[in-house]
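Structure, as structure tokens:
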């Protein structure tokens with residue numbers, strides 16, 4: 001069964017729109033580990049510098065997206081992110097190994113920290 005039901009939602013901007021900013025209605029699309037903002041099914045139909053009125057065909061988590069210039073991915077930022085995550089995971093793995101091998105340190109607190117570390121690593 002398909003339905004052509006639409007609804008309007010009014011969203012308040014955090015800051016007043018400036019010249020050149022073009023707001024778009026969007027929603028958060030969770031797709032496994034690669035979630036991102038989408039705008040299909042939502043259109044800005046009105047508003048002013050303080051509010052936007054969006055008409056949408058589905059319920060979701062909505063937001064107003066604005067950018068004053070095209071957004072490009074930075075290679076340097078991507079490298080720093082991957083290196084940072086790799087180092088963090090390595091240190092977390094070493095922490096888990098330390099908790100497991102040093103039986104003399106075992107207590108309720110260490111057990112809780114071990115479980116937390118395993119959850120963060122997973």
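Residue numbers (full-length UniProt numbering): 1 to 122. Note that beta-carbon positions come from the ideal geometry of N, C-alpha and C, so glycine has one too. On a predicted model such as this, the values are computed, not experimentally measured, just so you know.
query, result
"How should residue 82 be labelled, buried or exposed, when 16 other C-beta atoms within 10 angstroms of its C-beta is the threshold for buried?", "exposed"
"Does the beta-carbon of residue 23 have 16 or more other beta-carbons within 10 angstroms, so that it is buried, or is it exposed?", "buried"
"From residue 65 to residue 20, what does the alpha carbon distance come to, in whole angstroms?", "13 Å"
"So the candidates are 59, 103, 92, 48; which of them puts its Cα closest to the Cα of residue 118?", "92"
"Just reading off the beta strand (DSSP E) that residue 51 is part of, what are its end residues?", "51-56"
"What residues in its chain sit with their C-beta under 8 Å from that of residue 37, if we drop five residues either side in the sequence?", "26, 27, 28, 29, 63, 65"
"Taking the runs of the beta strand (DSSP E) that are 3 residues or longer, which of them lie wholly in the region 11-93?", "24-29, 36-38, 42-47, 51-56, 62-65"
"So the alpha helix (DSSP H) residue 110 belongs to, where does it begin and stop?", "108-121"
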